[in-house]
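Below is one structure, written out as structure tokens; the observations come after it.
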Amino acid sequence: GQNIDQPTEMTATEGAIVQINCTYQTSGFNGLFWYQQHAGEAPTFLSYNVLDGLEEKGRFSSFLSRSKGYSYLLLKELQMKDSASYLCAVRPITGNQFYFGTGTSLTVIP
Amino acid sequence: DGGITQSPKYLFRKEGQNVTLSCEQNLNHDAMYWYRQDPGQGLRLIYYSQIVNDFQKGDIAEGYSVSREKKESFPLTVTSAQKNPTAFYLCASDQRNNEQFFGPGTRLTVL
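Residue numbers (our numbering), protein chains in the order written: chain A, 2 to 111; chain B, -19 to 91.
Rendered as structure tokens:
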């Protein structure tokens, strides 16, 4: 594995902002991906970072620091439908695999 | 519409039986993957294939087998040697260095 760590659970309020962190250790790096997975469904792609900095996509943004082995997913204006598991995944330079973290289960409350 | 299909959505198996899960993609992707997901856990890689007629074991390949005779198809067989097969199985595909696309999954239950 690639030692990918995410918090197990988070709770946030509707309309608020939440930041989900992900740290990783890998000898070579070819991109960091964030996926959203609702219960019983397949993961869907949210964002991709390969260079340092912030990528913004509507209410979702993802940040990467390669030197620190750190990424976060920022969700703004939270909606109830954002309640889901958020998976961080790393693609190393060698091989063709993705390595997934165990996911962060986000619960949005009214 | 391009995408990945998996069938069946729900599958029940008796202990000691082999069962094959289907995965088909029309995205023209070279690479295909099989993952297993258990409740409250992340995705664990079973097998992957980067080109036709070639595949590699992932982290938990024991008790599983695959074939890649066509670019579009990557079936997974869960054999009787897999001691704890009840899980959610996800098939995915990608083109190198891009994001993975997932099928809807098959939930396998051993009775």
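Positions of the beta carbon are idealized from the N, C-alpha and C atoms, including for glycine. Keep in mind the model is a prediction, meaning the values are calculated, not measured.
Please list the terminal residues of the continuous beta strand (DSSP E) segment that includes Arg16 of chain B.
11 to 17
At a Cβ threshold of 7 Å, is Tyr49 of chain A touching chain B?
yes
Am I right that Glu(-5) of chain B and Val90 of chain B are in contact with their C-beta atoms under 8 Å? What's the rounded C-beta distance?
6 Å
Whole angstroms are fine: how far does the CA of Pro111 of chain A sit from the CA of Asp10 of chain B?
Between Asp10 of chain B and Pro111 of chain A, the C-alpha separation is close to 44 Å.
Report all residues from its chain with a CB closer than 8 Å to the CB of Tyr28 of chain B; omit the five preceding and five following residues, and keep chain order.
Hits under 8 Å: Ala11, Met12, Tyr13, Trp14, Phe35, Gln36, Gly38.
Is the separation between the beta-carbon of Gly70 of chain A and that of Gln26 of chain A shorter than 7 Å?
When the beta-carbon positions are compared, Gly70 of chain A and Gln26 of chain A come within less than 7 Å of each other.
When the distance is taken between beta carbons, is Thr86 of chain B closer than 7 Å to Leu1 of chain B?
yes
Look up Lys82 of chain A in the DSSP assignment and say whether it is helix, strand or coil.
Correct three-state label for Lys82 of chain A: helix.
Output the boundary residues of the beta strand (DSSP E) element that contains Gln80 of chain B.
Premise fails: Gln80 of chain B is in no beta strand (DSSP E) and is neither H nor E.
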